[in-house]
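Trainee: Below you'll find the structure I mean.
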Amino acid sequence: MTKSDLPPPQIPAPPAAPARRGRPKKSKAAVAGETREAILNAAEDLFSKHGFYGVTIREVAREAGVDTALVHYYFGAKKELFDAVFNRRAEVWNAERVAAVDRYAEAAGEAMTLEGLFEAFLRPPFQWSLKGGPGWKHYAALVAQTNANPAFGGETMARYFDPAIRRLLELAKRIMPEADEADLYWAYHNLSGALTLTLGETGRLDRLSGGLCQSGDLDSACDYMVRFAAAGFRAVCGPTRA
């Protein structure tokens, strides 16, 4: 047998490439969602510390680790970015408050009290700020700043918070049917300032009390505010007011 009659050598096939391990490749939608969240988190942090006018789009992009063009692409101008930041947690905050007061009203019926109503309304934001992580702390500080902003604070608060507040006052009116509507709005106005200042955790209370009270003690802060709000509404809206 000649060499040419021999069968060709059998060359073994190369071993199959090992299966790739680790996380699967993210979809474009997932990457885009993470980028948006990173931008919102960075903007929330900066706005809460420096206010709307003290922050630039470039600073937000640097904090988020993205190109400035991406911030504009996802959110447009700075005010649109601010609105997106503000709305993201407002939806959660207010949905929980409305659900809480509705549950309370259904359970208590004609036995509703101001204390019970304000406990249901006030506890959710305090709990989010206490247990929700740094983002919720930043958001609480941002709400406090916005509530006191004369340029656009009133419009922003009205757009995102009025439905929840109107539901609260509707139930307060059920408890105090003789209350004048103007008195109810003034009473809530005073509560609103106390609420946002307290959630801002500025440390003012700590210094004023010489350390006797801690602004970060949000469980106690909510307990006091429930009592304060109920007594304040009675004083302003009740039949014995001066």
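With the first letter of the sequence shown counted as 1, position 73 gets the number 72 in numbering that gives the first Met the number 0; the numbers rise by one all the way through. We put the CB at the ideal spot given by N, CA and C, even for glycine.
Can you tell me whether DSSP reads asparagine 189 as helix, strand or coil?
Mentor: Three-state DSSP puts asparagine 189 in a helix.
Trainee: Whose C-alpha, out of Phe151, Gly134, Val235, is nearest the C-alpha of lysine 172?
Mentor: That would be Val235, whose Cα lies nearest to the Cα of lysine 172.
Trainee: For glycine 115, I'd like the list of residues in its chain whose CB is within less than 7 Å of its CB, leaving aside the five on either flank, ordered along the chain.
Mentor: Answer for glycine 115: Tyr103, Ala107, listed in chain order.
Trainee: Look up cysteine 236 in the DSSP assignment and say whether it is helix, strand or coil.
Mentor: Helix, per DSSP.
Trainee: Just checking my contact of arginine 226 with serine 214 at CB under 8 Å: how many whole Å lie between their CB atoms?
Mentor: Actually they are not in contact, since the Cβ atoms of arginine 226 and serine 214 sit about 18 Å apart, beyond 8 Å.
Trainee: Determine, using beta-carbon pairs with one atom in the stretch 187 to 205 and one in the stretch 136 to 148, whether at least three such pairs fall under 8 Å.
Mentor: With a cut-off of 8 Å, the stretch 136 to 148 and the stretch 187 to 205 count as touching, because enough Cβ pairs lie within range.
Trainee: Return the chain-ordered list of same chain residues with a C-beta closer than 7 Å to the C-beta of asparagine 189, the five sequence neighbours on each side being excluded.
Mentor: Cβ neighbours of asparagine 189 beyond the five flanking positions: Gly231.
Trainee: With 16 as the cutoff for other CB atoms within 10 Å, does histidine 49 come out buried or exposed?
Mentor: Per the 10 Å Cβ criterion, exposed.
Trainee: Please identify the residue among Ile56, Gly237, Gly153, Glu109 whose C-alpha is closest to the C-alpha of aspartate 179.
Mentor: The shortest C-alpha separation from aspartate 179 is found at Gly237.
Trainee: Pick out whichever of Phe51, Gly53, Ser47, Ala37 has its Cα sitting closest to the Cα of alanine 60.
Mentor: Looking at the Cα atoms, Ala37 is the closest of the given residues.
Trainee: Could you tell me the boundaries of the alpha helix (DSSP H) in which leucine 211 lies?
Mentor: From DSSP, leucine 211 is part of no alpha helix (DSSP H); its letter is neither H nor E.
Trainee: Count the other C-beta atoms from every protein chain shown that fall within 10 angstroms of the C-beta of threonine 112, then say buried if there are 16 or more, exposed otherwise.
Mentor: Answer is exposed; the Cβ neighbour count stays below 16.
Trainee: Nearest by alpha-carbon distance to arginine 122: which of Ala42, Asp218, Arg233 is it?
Mentor: Comparing Cα positions, the closest option is Asp218.
Trainee: Are at least three pairs of beta-carbons, each pair with one atom in the stretch 63 to 70 and one in the stretch 151 to 167, less than 8 Å apart?
Mentor: Verdict: no, contact absent.
Trainee: Assess contact between the stretch 124 to 144 and the stretch 40 to 57, defined as three or more Cβ pairs (one per stretch) separated by less than 8 Å. Is contact present?
Mentor: The stretch 124 to 144, when compared against the stretch 40 to 57, does touch it at the 8 Å Cβ threshold.
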